[in-house]
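Read through the structure below, which is laid out as structure tokens, and then see the notes.
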Amino acid sequence: MKNILLPVVALLLLTFSCSSDDDTFYEEEVVAPLGAYEDGILVSSEGGPSSIAFISEDLSTSENTIYYNVNNEDLGVYLQSIGFNNDLAYIVTDSNNTITIVNRNTFEKVGAITTGLELPRYISFLNGKGYVSNWGDPNDATDDFIAVIDLATNTVESTVPVGEGPERILANDNKLFVSHKGGYGSNNIISVVHANSTVVNTITVNDNPDEMIMNNSGQLVVLCGGKEAWSGTETLGSITKINVTNNTVISNHEFPMGVHPNLMDYGNGNLYFQTSDNKIYSMTDADTSLPTTSILELTTGYTYGMAVKDNRLFVADASFTSQSEILVYDLSTATQTHSFDAGIGASKIYFN
Amino acid sequence: MKHIICLLLVLSVCFGGIAQTQLDSIQSLDEVVLSDVKLKQYAPGFKIEVLKDSVLRTNAQSLTGLLAFNSNIYFKENGNGMVSSPSFRGTNASQTAVIWNGIPINSQLNGQTDFNTINTTHYNDIAIRSGGGSVQYGSGAIGGSIHLNNTLLFKPHFDTTMRLGYGSYDTKTGSVSSAIGSDRWSVNVGLAYNASENDYPYLGTTKKNVNGAYNNLDLNLNLGYFISDNDVLKLYHQHFIGNRDFSGTVATPSQSHYEDKNYRSLIEWSHLAKAFNYQLKVAHLQEHFKYFGTQSTSNFSYGKVNTLIVKPSFNFRFSRKIKLQTSVDYTKYDAEGTSFGTPSRSNVSATALLNHKVSRAFSYGVNLRKDFTSTFSNPLVFSVDTEYAVTKHYSLQLNGSRNYRVPTFNDLYWQPGGNLDLIPESSYQVDLGQQLSFGFAQLKLNGYFIKTSELIVWKPNSIGLWSPVNIASTQSYGAEIEGHAEVHFKSHYFKLDGHYSYTVSEDTNTKKQLIYVPFHKANFSIAYSYKKLALFFQHAFNGDVFTTEDNLKGRLTSLPSYDVSNLGLEYSLYNKGNNTLSLGGTINNVFNKSYQSVAFRPMPNRNFNIQLHYKF
Chain A
183 MKNILLPVVA
193 LLLLTFSCSS
203 DDDTFYEEEV
213 VAPLGAYEDG
223 ILVSSEGGPS
233 SIAFISEDLS
243 TSENTIYYNV
253 NNEDLGVYLQ
263 SIGFNNDLAY
273 IVTDSNNTIT
283 IVNRNTFEKV
293 GAITTGLELP
303 RYISFLNGKG
313 YVSNWGDPND
323 ATDDFIAVID
333 LATNTVESTV
343 PVGEGPERIL
353 ANDNKLFVSH
363 KGGYGSNNII
373 SVVHANSTVV
383 NTITVNDNPD
393 EMIMNNSGQL
403 VVLCGGKEAW
413 SGTETLGSIT
423 KINVTNNTVI
433 SNHEFPMGVH
443 PNLMDYGNGN
453 LYFQTSDNKI
463 YSMTDADTSL
473 PTTSILELTT
483 GYTYGMAVKD
493 NRLFVADASF
503 TSQSEILVYD
513 LSTATQTHSF
523 DAGIGASKIY
533 FN
Chain B
17 MKHIICLLLV
27 LSVCFGGIAQ
37 TQLDSIQSLD
47 EVVLSDVKLK
57 QYAPGFKIEV
67 LKDSVLRTNA
77 QSLTGLLAFN
87 SNIYFKENGN
97 GMVSSPSFRG
107 TNASQTAVIW
117 NGIPINSQLN
127 GQTDFNTINT
137 THYNDIAIRS
147 GGGSVQYGSG
157 AIGGSIHLNN
167 TLLFKPHFDT
177 TMRLGYGSYD
187 TKTGSVSSAI
197 GSDRWSVNVG
207 LAYNASENDY
217 PYLGTTKKNV
227 NGAYNNLDLN
237 LNLGYFISDN
247 DVLKLYHQHF
257 IGNRDFSGTV
267 ATPSQSHYED
277 KNYRSLIEWS
287 HLAKAFNYQL
297 KVAHLQEHFK
307 YFGTQSTSNF
317 SYGKVNTLIV
327 KPSFNFRFSR
337 KIKLQTSVDY
347 TKYDAEGTSF
357 GTPSRSNVSA
367 TALLNHKVSR
377 AFSYGVNLRK
387 DFTSTFSNPL
397 VFSVDTEYAV
407 TKHYSLQLNG
417 SRNYRVPTFN
427 DLYWQPGGNL
437 DLIPESSYQV
447 DLGQQLSFGF
457 AQLKLNGYFI
467 KTSELIVWKP
477 NSIGLWSPVN
487 IASTQSYGAE
497 IEGHAEVHFK
507 SHYFKLDGHY
517 SYTVSEDTNT
527 KKQLIYVPFH
537 KANFSIAYSY
547 KKLALFFQHA
557 FNGDVFTTED
567 NLKGRLTSLP
577 SYDVSNLGLE
587 YSLYNKGNNT
597 LSLGGTINNV
607 FNKSYQSVAF
617 RPMPNRNFNI
627 QLHYKF
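As they're listed, the protein sequences go chains A and B.
Each residue of the first sequence is one higher than the one before, starting from 183 at the first, in our numbering.
Each residue of the second sequence is one higher than the one before, starting from 17 at the first, in our numbering.
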């Protein structure tokens with residue numbers, strides 16, 4: 183019997199001695215807030231868990247999870263977007279129907295809107311009020327709305343019903359332009375909501391309108407993804423310019439079948455957009471047709487966010503199973519110059 | 017395929033003719049009372065742990081609670097009572113097969129069983145079979161399989177058990193079951209109900225588990241009847257209806273609601289001739305879920321699958337030492353659901369299991385299976401296993417197998433994203449076990465290696481469309497220790513059980529540990545009884561896990577280890593003849609530890625439960 187027990191005991195001892203793990207495994211890394219976030223780049227990551235990362239203006243330092251570092255709490259999922267108004271940043275998380283309000287420079291929480299929202303997406307500001315696009319019940323195409331926020335009390339003071347799947351929201355003059363990407367489905371309208379009124383006009387565009395910017399010529403530029411082939415009926419994507427005075431389409435630049443624009447930003451008087459073949463193109467306000475040659479071919483796995491400032495292009499290479507990466511490119515040389523870690527599902531890049 | 021089936025049938029007839037006519041009384045008894053004979057008779061080289069009697073009675077009624085404290089399997093639970101999935105030997109949740117009376121019941125939609133939708137009350141035993149079992153149990157039996165078994169007793173008896181319990185968070189439990197029988201027939205019937213507000217506080221915060229209420233009803237009915245001296249007809253039926261509000265995370269409370277309905281029926285006819293037995297099983301399974309995004313909405317998404325299984329099998333015993341089981345099964349799956357239309361598929365498989373007991377000390381098995389599926393091709397799977405008793409107290413077990421897991425209906429048909437080009441995951445493994453056993457104690461040591469390729473992973477493609485692809489490969493290896501001991505001393509009775517496992521499970525390319533697989537997991541329980549009093553204490557330790565693939569240690573990327581302990585007491589108030597009445601109490605999470613098994617989803621604080629137990 184001894185002959186057998188001996189190796190067994192030895193094996194036991196060996197197993198347990200191998201098991202002495204690194205005891206410091208969970209001593210949490212204490213990250214002291216760098217202090218002011220008044221300049222620099224903010225990256226929001228959808229999650230879960232969601233988080234916000236900060237990259238300094240000169241790209242020399244970065245800090246992850248700044249909201250948690252300052253406030254010792256998490257934001258909840260999924261972090262859709264951040265809107266900025268004066269000194270405040272409004273962080274929109276959809277599943278918990280919450281907008282968390284922080285000081286954009288210190289990131290200290292100053293309040294929250296927790297009632298009256300249902301799957302909120304984006305926030306914009308006009309005449310001292312906040313306007314938030316909401317999907318409502320995503321399976322119900324008729325309950326979508328814009329929530330009007332009283333910024334003094336941080337409460338929803340009224341709602342404006344709109345079509346299915348309101349997404350981005352952009353304020354200009356006395357109007358709010360809302361792109362309807364369609365939520366769980368698909369849609370092809372821009373709603374025009376007039377301040378202090380429930381009157382809503384619509385402009386028909388190509389399918390799945392998403393990002394919008396005002397260019398230096400005073401035109402509203404809308405990126406319409408079009409329906410992808412996997413949806414069963416592929417439709418054309420486009421970049422559409424709209425006259426904001428009379429709400430009509432000025433020009434509609436359609437992409438060929440098989441190529442769909444995903445992301446767009448505006449800087450240096452140029453429009454920059456990324457397409458489904460993961461290339462970046464640029465276009466001036468005066469251009470009358472889509473560019474045919476790209477300025478950059480990305481090698482990212484999943485390009486989920488893009489922003490341009492000065493001569494820098496920022497790209498979010500999102501991962502949902504590990505940390506994401508933010509890549510910085512020099513537009514003049516079309517080369518990558520920096521990279522930073524960001525949270526899970528990094529999606530939006532803002533310049534603070 | 018036809019050839020293989022024909023061959024099996026021809027073999028069946030030939031062997032049937034030449035088989036000798038000796039009937040091993042133990043085997044015939046197995047065939048009468050057991051629903052899954054191959055679990056016992058065709059696995060000499062596999063580690064099988066059987067939980068029954070007092071273990072089933074004193075533990076939690078959910079399969080998660082039972083196994084977390086009484087096996088080597090690691091669980092992650094989306095909060096108490098919510099979706100729960102196992103990791104068996106470092107494999108993922110759809111690589112553990114759950115077998116109900118010999119029939120695989122993992123969901124055809126996601127490939128998994130939610131271990132919180134299995135109520136353990138009415139099973140006579142629950143067996144944990146470690147290692148690959150695809151030959152015997154088909155798709156998904158890669159890490160191992162969990163067997164829920166009902167047995168039918170053919171002798172005059174009449175027993176009824178009633179249990180009533182009440183505990184923290186307004187938790188109510190109640191069950192009643194009866195077993196009646198004679199030499200020719202046997203009936204088991206049982207009903208169990210659980211309900212809880214489940215609104216426990218999140219320790220260390222001011223929040224509580226809102227939207228976590230659940231209730232479920234489990235009905236079991238099993239019948240057996242000897243049509244003639246050699247033919248027994250059995251019917252097993254189980255019915256589970258669950259309603260759960262799905263709780264959210266600390267920062268994101270949820271409002272969703274989920275309904276489960278599972279119906280399982282099995283009719284089995286066994287012919288018990290001496291050397292050549294045959295059996296026909298016909299089973300129908302239905303799984304059905306409804307998901308509501310909010311409490312107020314009437315909109316829901318749903319999925320439903322009907323499964324029909326027809327399985328004739330033939331058992332030959334050429335001598336006391338050699339036996340062979342061949343079977344051909346036909347399975348038809350019909351699904352419908354919000355996100356995948358109405359796909360269906362059919363599957364035919366041919367299986368041969370051979371067991372040879374060379375001597376009292378040495379036996380081995382060789383097993384083969386080939387599946388033919390309407391929508392993709394399956395590998396030929398095999399297993400070989402052997403057991404050798406070195407001495408009276410020490411034996412060795414060795415098995416090697418190839419196993420597989422087929423793509424689920426979600427993987428293939430989900431819109432958008434489903435991928436019709438998927439092929440089954442393929443896995444090879446070896447497992448070496450040593451067993452020391454003495455009258456009062458038993459110790460098992462196992463080491464294993466599992467290599468799986470063509471793993472199906474959902475990931476976003478370049479345009480952000482999530483789609484499953486056969487992309488990853490993993491390898492798992494580790495060591496397990498399982499120990500049991502019991503001591504009677506005058507009126508004192510002690511029972512000790514313990515498990516420890518060390519698991520490395522990594523992506524073959526990145527060499528990173530898979531998420532939610534702890535390197536270390538251990539548990540032990542001590543039961544003590546003295547006259548009218550019974551006590552138990554159980555403790556589980558789960559090591560740190562990574563929650564993201566980059567294996568970073570931090571608040572958002574890993575979860576710390578945790579310990580959780582439960583304490584229970586039972587006192588017999590009345591005991592006369594067949595009538596017993598006892599009162600019990602349990603304290604769960606005795607030391608009031610704050611822990612999470614899934615990130616940001618806290619588990620309950622210390623909580624209490626009292627139970628009244630009446631048997632006649």
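Virtual Cβ for every residue (Gly too), placed ideally from N, Cα, C.
Residue of the options minimising C-alpha distance to residue i
i, options, result
"Asp276 (chain A)", "A:Ile305, A:Ser340, A:Lys409, A:Pro391", "A:Ile305"
"Asn370 (chain A)", "A:Arg494, A:Asn378, A:Gly408", "A:Gly408"
"Thr391 (chain B)", "B:Val364, B:Ala368, B:Arg385, B:His372", "B:Val364"
"Thr280 (chain A)", "A:Asn254, A:Ser315, A:Arg286", "A:Ser315"
"Val248 (chain B)", "B:Leu296, B:Gly264, B:Ser577, B:Arg617", "B:Leu296"
"Asn383 (chain B)", "B:Ser375, B:Lys527, B:Phe62, B:Ala615", "B:Phe62"
"Ile477 (chain A)", "A:Asp467, A:Thr415, A:Asn452, A:Asp221", "A:Asn452"
"Val252 (chain A)", "A:Gln262, A:Tyr219, A:Ser263", "A:Tyr219"
"Phe388 (chain B)", "B:Ala366, B:His304, B:Ala556", "B:Ala366"
"Glu245 (chain A)", "A:Phe266, A:Ile223, A:Gln262, A:Glu393", "A:Ile223"
"Gly633 (chain B)", "A:Val225, A:Thr247, A:Ile237", "Outside the shown range of chain B (17 to 632) lies residue 633 (chain B), about which nothing can therefore be said."
Supposed close pair residue i, residue j - CB separation, criterion 8 Å
i, j, result
"Phe307 (chain A)", "Gly318 (chain A)", "Not really, about 22 Å apart at Cβ, beyond 8 Å."
"Ile466 (chain B)", "Ser442 (chain B)", "Rounded, the Cβ-Cβ distance is 11 Å, inconsistent with contact."
"Gly230 (chain A)", "Ile508 (chain A)", "Rounded, the Cβ-Cβ distance is 19 Å, inconsistent with contact."
"Tyr294 (chain B)", "Ser329 (chain B)", "7 Å"
Alpha carbon of residue i to alpha carbon of residue j, nearest angstrom
i, j, result
"Val446 (chain B)", "Gln413 (chain B)", "11 Å"
"Pro423 (chain B)", "Trp474 (chain B)", "12 Å"
"Tyr511 (chain A)", "Met396 (chain A)", "24 Å"
"Tyr532 (chain A)", "Gly487 (chain A)", "10 Å"
"Gly504 (chain A)", "Tyr250 (chain A)", "For clarity, residue 504 (chain A) is Ser in the given sequence; the question names Gly instead. Each residue's Cα considered, the two are about 18 Å apart."
"Ser314 (chain B)", "Glu275 (chain B)", "13 Å"
"Thr341 (chain A)", "Asp325 (chain A)", "11 Å"
"Arg622 (chain B)", "Tyr578 (chain B)", "14 Å"
"Tyr241 (chain B)", "Gly353 (chain B)", "38 Å"
"Val266 (chain B)", "Ser574 (chain B)", "16 Å"
"Phe510 (chain B)", "Asn462 (chain B)", "25 Å"
"Thr243 (chain A)", "Thr288 (chain A)", "16 Å"
Residue i, DSSP secondary structure in three states
i, result
"Ile477 (chain A)", "coil"
"Arg73 (chain B)", "helix"
"Val406 (chain B)", "coil"
"Tyr307 (chain B)", "strand"
"Asn204 (chain B)", "strand"
"Phe455 (chain A)", "strand"
"Leu180 (chain B)", "strand"
"Tyr249 (chain A)", "helix"
"Lys54 (chain B)", "helix"
"Phe85 (chain B)", "helix"
"Trp474 (chain B)", "strand"
"Thr358 (chain B)", "coil"
"Ser150 (chain B)", "helix"
"Ala498 (chain A)", "strand"
"Asn132 (chain B)", "helix"
"Ala495 (chain B)", "strand"
"Phe540 (chain B)", "strand"
Neighbouring residues, chain C, relative to residue i (Cβ below 9 Å)
i, result
"Pro320 (chain A)", "Of the protein chains in this structure, namely A and B, none is chain C."
>> Pairs of beta-carbons, one from the segment 418-430 of chain B and one from the segment 67-85 of chain B, closer than 8 Å: are there three or more?
In response: no
>> Below 8 Å, how does it come out for the segment 229-236 of chain B and the segment 208-218 of chain B: are there three or more Cβ pairs, yes or no?
In response: yes
> Hey, is the segment 603-612 of chain B in contact with the segment 159-173 of chain B, meaning 3+ C-beta pairs nearer than 8 Å?
Replying inline: no
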